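Written below as structure tokens is the structure these notes are about.
2 protein chains.
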Amino acid sequence: MTISEENYIKVIYHLSLVSPKGVNTNAIAGMLDTKASSVTDMMKKLSDKDLVSYQKYQGVTLTEKGFHSAKMIVRKHRLWEVFLVDKLGFSWDEVHEIAEELEHIKSEQLINKLDAFLGFPAADPHGDPIPDAKGVIKKIEKQLLSEVEINASFHCVGVKDSSTDFLKYLDKQKIALGSVVKVIDKEDFDDTLTVEIDGKRLTISNKIANNLYVQ
Amino acid sequence: MTISEENYIKVIYHLSLVSPKGVNTNAIAGMLDTKASSVTDMMKKLSDKDLVSYQKYQGVTLTEKGFHSAKMIVRKHRLWEVFLVDKLGFSWDEVHEIAEELEHIKSEQLINKLDAFLGFPAADPHGDPIPDAKGVIKKIEKQLLSEVEINASFHCVGVKDSSTDFLKYLDKQKIALGSVVKVIDKEDFDDTLTVEIDGKRLTISNKIANNLYVQ
DNA sequence: TTTTATTTTTAGATTTGTCTAAATTTAATT
DNA sequence: AATTAAATTTAGACAAATCTAAAAATAAAA
Ligand SMILES: [Mn+2]
Ligand SMILES: [Mn+2]
Ligand SMILES: [Mn+2]
Ligand SMILES: [Mn+2]
């Protein structure tokens, strides 16, 4: 599998979590910053290799084989992110790009040894679960902060949006994975929340609450 | 710079340590397991990018720019090898292939943080010196075991040949970097050596002694 | 110094991944 | 149901990196 093929497979994997009935050509093109016609070409290639099932105009889904490959790439991506943050001291907004390259390094032994070295982490620095060597993903129980009842306490466990902008906003507000959050009040008009994070009062917009997972 | 260009630059670097006046097309092709005609094409490309100076039929040399790039690739290769052996527990004969891929990961910050994480090692698992962030290589004093006087004691500090076969032979004989070696006797006929390694008597061929550096 | 052998380069083709522009299919609107 | 709009695919082209086969240049041998 080439790097390009791997990038396609991973994008299809992520998109099919949202649209399991079939992923659109255009959606793939958007994620990979390429053109729809290039996607069509690649779908034929991946279909020939039995990594996706593809019928003209009908969108694509991953085959068993493609699904497993995708999880192995995601596994590598997330383990490398843990390495970069835990061992090398990168911050969580700096690691995605580098992991985007590291995820294509080809040794299975490497990734299993890295997993062990990191202590078999369950989640990456953004709270996303790490598939094990067999591809099994332990689902992490979590809710969006925007959907949680008032006056109960939770822990931050993940982010939905892991863009630099959002992560840096969280850093600024001293919100990190593990922080204790309690919703004090919710504004009816625009769903703005008054929260207490690690004991400190804060007002956050619905957009923020909509991208923060708690448990 | 593409991965392919980087591989060419690195090979030219290694070959020019032996033939500083100019590296042959055929030699490059041999190292990269490709054809001479492909090398010619690439030399034009690298020349256009001012990474090598190239004149038809005359061989190539690295420019300042190419020389620096080469050292940065070698730096990455060797640091990753240290990581694989010291942190992940690979043996020294398993790491070259993987480092061959890791050396192309593009972040300068990554490699400098990795360097710090590893404690700024001076040499890789095969005893080869690691260029620092500026490209400076501290030369390691060393002699081939085949050229050393009899009855003096040395430490193993490196290997000239780092093929799996040779490294596995050394493992079998319990010869590692750091081992203490003393040449007891040298056979006139074929230069076979009788040595004492960490106190243990051993007979080794000239070919072995010719690929083991001591200090 | 010719002749022969070796090395290197050119010419032309192939594969991979991409693009633009045009054609086709499907979906959405009148 | 007919028309318009959007999504998708085809056709044809291009750059990167490679190859084979033939031509040219250099080195070695007679
Ligand atoms: Mn990637
Ligand atoms: Mn992540
Ligand atoms: Mn390489
Ligand atoms: Mn090495």
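If you read the protein sequences in the order shown, they are chains A and B.
Be aware that the first sequence starts at 103, since it is given in the working numbering, and climbs by one per residue.
Be aware that the second sequence starts at 103, since it is given in the working numbering, and climbs by one per residue.
Positions of the beta carbon are idealized from the N, C-alpha and C atoms, including for glycine.
Note that the structure is predicted; figures quoted are calculated from it, not measured.
Check residue i in the structure and name its three-state DSSP category.
i, result
"residue 222 of chain B", "coil"
"residue 211 of chain A", "helix"
"residue 123 of chain A", "coil"
"residue 141 of chain A", "helix"
"residue 149 of chain A", "helix"
"residue 155 of chain A", "strand"
Please list, in chain order, all residues of the same chain as residue i whose beta carbon is under 8 angstroms from its beta carbon, the five residues on each side excluded.
i, result
"residue 131 of chain A", "137, 138, 140 and 141"
"residue 181 of chain B", "213, 216, 217, 220, 223, 226 and 232"
"residue 105 of chain A", "206"
"residue 244 of chain B", "229, 259, 260, 315, 316 and 317"
"residue 276 of chain A", "299, 300 and 302"
"residue 241 of chain A", "231"
Got a sec? Which residues, its chain only, sit under 7 angstroms from residue i by beta carbon, not counting five neighbours each side?
i, result
"residue 145 of chain B", "154, 156 and 162"
"residue 268 of chain A", "261 and 313"
"residue 185 of chain B", "216 and 220"
"residue 124 of chain A", "160, 161, 162 and 163"
"residue 118 of chain B", "125, 163 and 164"
"residue 250 of chain A", "256, 285 and 316"
Excluding sequence positions up to five away, which residues of its chain have a Cβ less than 6 angstroms from the Cβ of residue i?
i, result
"residue 115 of chain B", "172"
"residue 287 of chain B", "296"
"residue 183 of chain A", "197, 201, 226 and 227"
"residue 369 of chain B", "Outside the displayed span of chain B (103 to 317) sits residue 369 of chain B, for which this structure offers no information."
"residue 237 of chain B", "170 and 173"
"residue 149 of chain A", "156"
"residue 121 of chain B", "none"
"residue 209 of chain B", "none"
Going by CA-CA distance only, name the one from the options that's closest to residue i.
i, options, result
"residue 147 of chain A", "A:103, A:175, A:183 and A:159", "A:103"
"residue 174 of chain A", "A:235, A:202 and A:201", "A:235"
"residue 254 of chain A", "A:152, A:316 and A:105", "A:316"
"residue 112 of chain A", "A:203, A:222 and A:309", "A:203"
"residue 227 of chain A", "A:241, A:188 and A:246", "A:188"
"residue 160 of chain A", "A:210, A:177, A:129 and A:243", "A:129"
"residue 211 of chain A", "B:206, B:191, B:117 and B:229", "B:191"
"residue 239 of chain A", "A:201, A:283, A:124 and A:169", "A:169"
"residue 281 of chain B", "B:303, B:177 and B:110", "B:303"
"residue 166 of chain A", "A:158, A:178 and A:152", "A:152"
"residue 306 of chain A", "A:278, A:272 and A:279", "A:272"
"residue 291 of chain B", "B:278, B:308 and B:283", "B:308"
"residue 263 of chain A", "A:310, A:119 and A:110", "A:310"
"residue 195 of chain B", "B:274, B:117 and B:270", "B:270"
"residue 289 of chain B", "B:248, B:266 and B:257", "B:248"
"residue 388 of chain A", "A:117, A:284 and A:149", "Chain A is shown only over 103 to 317; residue 388 of chain A falls outside these bounds and no answer can be derived."
"residue 179 of chain B", "B:293, B:108, B:251 and B:266", "B:108"
"residue 294 of chain A", "A:278, A:252 and A:256", "A:252"
"residue 134 of chain A", "A:242, A:110 and A:143", "A:110"
"residue 256 of chain B", "B:278, B:119 and B:209", "B:278"
"residue 274 of chain B", "B:250, B:193, B:121 and B:199", "B:193"
"residue 266 of chain B", "B:199, B:143 and B:177", "B:199"
**Prompt:** What residues does ligand 3 have around it, judged by CB closer than 7 angstroms to any heavy atom, in chain order?
**Reply:** B:105, B:108, B:109, B:112, B:202, B:203, B:205 and B:206
**Request:** Scan the region 276-313 of chain B and note each continuous alpha helix (DSSP H) run of 4 residues or more that stays entirely inside, going in chain order.
**Result:** 308-311
**Request:** With a floor of 4 residues, list each alpha helix (DSSP H) that falls wholly inside the region 160-190 of chain A, ordered by position along the chain.
**Result:** 166-184
**Request:** Go through the region 235-281 of chain A residue by residue and report every complete run of the alpha helix (DSSP H) that reaches 4 residues or more, in order.
**Result:** 266-274
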